[in-house]
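Heads up: the structure comes next, in structure tokens.
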Amino acid sequence: MASKHTFFLLVAAIALPMISTAKEFTVGDGKGWTADFDYQAWANGKRSKPEINLVIFKYPKGAHTVQKVDEDGFAKCTKLNEGVLSTGNDVITLSTSGRKWYTSGVGQHCKGGQKLVITVVSKSSPKNGSKLGKSFANGLIVSWIPVLISATITMVTVLMV
């Protein structure tokens, strides 16, 4: 019995610092997710943050939506009928690498610039820490490694107890 408690404490001691490195990022900073905001200029000044794994879209409920689209839907501002987020505090967990495209599905907001592309890169990516270039003009680079590590440690802990 004591060995299980010791093991649990050891795993917790290792896992908690990793979990605490998980960060959240609010799109648009203090402005939040809104129309009439230049997300391209906002993203151009951002640096990649490999510890980010939660992206939060904050906006007045009913004023905007968040929809995950593909690259074509991003370029054409396609409106979706399903999977549209509309709580006003939409949290997206970034758990896989690759590009993710998000737009507003309200009115002409997307065509007015209310859209964002996020590129999730692995921690070993050579571009970590570098300024976002023109190819990421409307985006943000993040890493999914802390999420994977935290999930693995949690699963091991649950299985061992």
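What the sequence shown shows, in mature numbering (1 follows the signal peptide of the UniProt record, and there is no 0), is residues -22 to -1, 1 to 139, in sequence order.
Even for Gly, the Cβ is constructed at its ideal location relative to N, Cα and C.
Just so you know, these numbers come straight off a predicted model, no measurement behind them.
Query, Result
"When the Cα of N67 is compared with those of G85, W11, V47, which residue comes out closest?", "W11"
"Just tell me which of S73, V62, K39 has its CA closest to the CA of D130.", "Looking at the sequence shown, residue 130 is not Asp but Thr. Closest option to T130, Cα to Cα, is S73."
"Shortest alpha-carbon distance to V62 belongs to which of V98, Q18, T43, F3?", "T43"
"Give the DSSP-derived three-state secondary structure of G83 in the structure shown.", "coil"
"Between K64 and the rest of its own chain, which residues show a CB-CB distance below 6 Å, the 5 nearest in sequence each way excluded?", "For clarity, residue 64 is Ser in the given sequence; the question names Lys instead. Excluding residues within five positions, the ones whose Cβ falls inside 6 Å are T43."
"Give me the Cβ distance between F35 and W79, rounded to the nearest whole Å; I'm assuming they're in contact under 8 Å.", "No, F35 and W79 are not in contact; Cβ-Cβ is about 13 Å, not under 8 Å."
"On the three-state DSSP scale, how would you describe G8?", "helix"
"Report the three-state DSSP secondary structure of G61 (helix, strand or coil).", "coil"
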